[in-house]
Amino acid sequence: MPVGRFVLCLHSHMPYVLSHGKSPHGTDWINESTAECYLPLLHTLDRLLNEGIRPRWTVNITPILAEQLEDPAFKDEFEHYCQSKIDSAIEDQHKFEREGPLWMQGLGLMWQRTYTRALVQFKHQWGRSIVDAFKYFQDQGSIEIITSGATHGYQPLMGTDESCRAQVKLGVQTYEKYFGKKPKGFWLPECAYRPRYDWKSPAEPNSIAWPRAGTEEILKESGIEYFFVDSHMIRGGQPLGTYAANFPQLAEMFARSAKYFTPPVEFRSEYEHYLLPNGVTVFARDPETTVKVWSGDSGYPGDPNYLEFHKQLYPGRLRYWKISMDKADLGKKEPYDPYAAFERIHGHAEDMLRTMKNVLANYRGQADREGTLVAMYDTELFGHWWFEGPEFLYELARLIHADGDIEMVSGSDVLANDPATHMITLPEGCWGEGGYHYIWINDENHWTWKKLYAIERKLRQMAQAYAGGPAEELVTQAAREMLLAESSDWQFLISTFSAKDYAEVRFNDHIDRFEKLAEIADRVQTGSAMSADEKAFLKECQLKDAPFQSLDLSLWKTEPATV
């Protein structure tokens, strides 16, 4: 009898960064993730399937990522990217042959072979379609793919229920387009949840509170059966901490939502899955396995033998050094030894298995039933930030399969075989720092919400009044611009200063384009003709910001909120 169940949920996401002939800063992000994460993950699944192992991982592919991966502009760009990395690896080998150390020359050959394999897999094994490749493994029963908000919009802070619903509905539509069936699971962007309550804009001081639909209500309307949150939300804890003092609007928002949430008196566990009152099931992240991977101090990716992420050799930007004992000083990094690194992987996988068995055994002794351990990570961690990560997942799946004490399952497997019986309510929160919204609304980025709220209300008005009229094409492109502006990535990048200037430029560009398109639409709807410059502007927007080609304005149709 298994000691419990294991759900591995991998969240795959990228904001819209395609260039379509131009070269914005973010284009390399999707190329790097494809070469270092998505293709290695597919290779891992292929190896496991050849060994008769179907690990039943739950893989989220956000709709905006799927749209980019299937865009011909990406496919052409990715092949050029791989070839440029192969060329850089060859140039590095010549450099090391001339100047030393010769050990580095071997690492250059490793990179040459790594990117050659990526290029061959992309073109020939998977037919230039990463999405179809993941669909293959879902059809084979190796994984379950779930969907998310269309452009990863941060649901609790969005200004209208229509915008929240459109993100979810378009997420479901895009999933059906690529995978041929309806999704059962949903990845809430940033695991951010909001219950039903009288919500007030945190960025507009004179706004009046009004009833807003709860996240689970909007999900159920689109047929979603389950989603994931962080463990503190299951336990009903108070997540704000010191962040309320840093941005008082958060304290007001939390106080409003807290009126509608009674802290639990009963014991709750992140190893149990629960029903919400409307019948949707919620899973929570396990903190024990989270620390094992995410911790910069004690997590596996920080092992001194693993590949150092931050030190690169220019101009090719390939990495030749290991983390080393002195983690802080890039100048003291030692040459990477792939043999020593890969010898560490099996031991880390064994440690993870022991941890999981101990946690699940403890819960079974406590609750007298099998629990479900949910490990949730960004897919981009495995291979990009942690070069050895895909091999770790391979070893872990093989160990669990051979051990037999833990059952590997997907979210839907749990619902099918052990439906939730305990009903709970959830507080508002997310999986970000502080457990609440501070990363996504603070003094650095609150101005983005003022702009978003204005265009969300304008889009709602246009989508309902102009649909089917002479301005429909303009409004449809304006809706694309708004969807792209709604991505939670822009606030995150501004708040963390990781790519602040880029995020501000991208966000403002979508806002500016929306406002100009809306201005033209208002005139066209009343009978004015577009000028040649305005027609050229519309075409340029349609070329530059081109996802969701079948976008339907009825997504923003006003619907009465349901309890």
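Residue numbers (our numbering): -9 to 553. Built from N, CA and C at the ideal position, the CB exists for glycine as well. In this text, all values refer to a predicted model and were calculated from it rather than measured experimentally.
So, for T34: in the same chain, excluding its five sequence neighbours on each side, which residues have a beta-carbon less than 7 Å away from its beta-carbon?
P380, L383, Y384
Can you check whether the CB of W177 is closer than 7 Å to the CB of H436?
no
Out of E207, K210, L545, W189, state which residue places its alpha-carbon closest to the alpha-carbon of P201.
The shortest Cα separation from P201 among E207, K210, L545, W189 belongs to W189.
Determine the DSSP secondary structure at R307, reduced to helix, strand or coil.
Three-state DSSP puts R307 in coil, outside helix and strand.
Between the C-alpha atoms of R155 and K210, what's the straight-line distance to the nearest angstrom?
11 Å
Which parts of the region 343 to 419 are runs of the beta strand (DSSP E), unbroken and 3 residues or longer, counting only runs that do not cross its ends?
For the region 343 to 419, whole beta strand (DSSP E) runs of length 3 or above, ordered along the chain, are 361 to 368, 396 to 398.
Measure the C-alpha to C-alpha separation of R496 and G394 and round it to an integer number of angstroms.
49 Å
Given S13, which residues of its chain have a CB within under 7 Å of its CB, disregarding the five upstream and five downstream residues?
Since pLDDT at S13 reaches only 48, below the 50 mark, its modelled position is unreliable, and the value read off the structure follows with that caveat. The answer is none, since no qualifying residue turns up.
Please go through the same chain and pick out, in chain order, the residues whose beta-carbon is closer than 8 Å to the beta-carbon of Q102, but skip the five residues on each side of it.
For Q102, where only same-chain residues beyond five positions count, the Cβ hits under 8 Å are I76, A79, I80, Q83.
Tell me the rounded alpha-carbon separation between Y144 and Y329.
42 Å
Using three-state DSSP, classify E262 as helix, strand or coil.
E262 falls in the coil class under three-state DSSP.
Using the Cα positions of Q539 and Q515, report the straight-line distance between them to the nearest angstrom.
Note on geometry: alpha-carbon atoms of Q539 and Q515 lie some 22 Å from one another.
Within 10 angstroms of the Cβ of D151, are there 16 or more other Cβ atoms? Answer buried if so, exposed if not.
buried
Are L363 and L350 touching if we call contact CB-CB under 7 Å?
yes
May I ask you to report which of helix, strand or coil DSSP gives I429?
coil
Leaving out the 5 sequence neighbours to the left and right, which residues in its chain are closer than 6 Å to P253 when beta-carbon positions are compared?
G226
With 16 as the cutoff for other CB atoms within 10 Å, does F257 come out buried or exposed?
exposed
Spatial neighbours of S212 within its chain, please: C-beta separation below 6 Å, excluding the five flanking residues on both sides.
V158, K159, V162
Is any heavy atom of the ligand ATP found at a distance shorter than 6 Å from the C-beta of E166?
The ligand ATP is absent from the structure shown, which contains no ligand whatsoever.
Excluding sequence positions up to five away, which residues of its chain have a Cβ less than 7 Å from the Cβ of E494?
I484
What residues match up with A274 in a beta bridge as DSSP calls it?
V219
Please identify the residue among G16, R(-5), E26 whose C-alpha is closest to the C-alpha of L371.
E26
Consult DSSP for W437 and reduce its assignment to one of helix, strand or coil.
helix
Roughly how many angstroms lie between the CA atoms of Q115 and G459, to the nearest whole one?
Cα to Cα, the separation comes out at about 46 Å.
Is G(-6) near H222, with beta carbons less than 7 Å apart?
no
Evaluate A339 with the Cβ neighbour count: other Cβ atoms within 10 Å of its Cβ, from every protein chain shown; 16 or more gives buried, anything less gives exposed.
buried
Which of the three DSSP states is assigned to K312 in this structure?
strand
What is the rounded straight-line gap between the Cα of I429 and the Cα of Q130?
Straight-line measurement puts the Cα of Q130 at about 39 Å from the Cα of I429.
Report all residues from its chain with a CB closer than 8 Å to the CB of L528; omit the five preceding and five following residues, and keep chain order.
E463, L464, Q467, L507, I510, M520
In angstroms with no decimal places, state the Cα-to-Cα distance between C(-1) and I133.
10 Å
What does DSSP give as the partner residues of W47 in its beta bridges?
Paired residues: I133.
Roughly how many angstroms separate the alpha carbons of L473 and K347, rounded to a whole number?
42 Å
Hey, how far is the Cα of I136 from the Cα of H500?
Take the alpha-carbon of I136 and the one of H500: they are about 27 Å apart.
Determine the closest residue to Q454 out of Y168, N352, K547, with distance taken between C-alpha atoms.
K547
Decide if K174 is buried, meaning its Cβ has at least 16 other Cβ atoms within 10 Å, or exposed.
buried
For G321, name the three-state secondary structure that DSSP assigns.
helix
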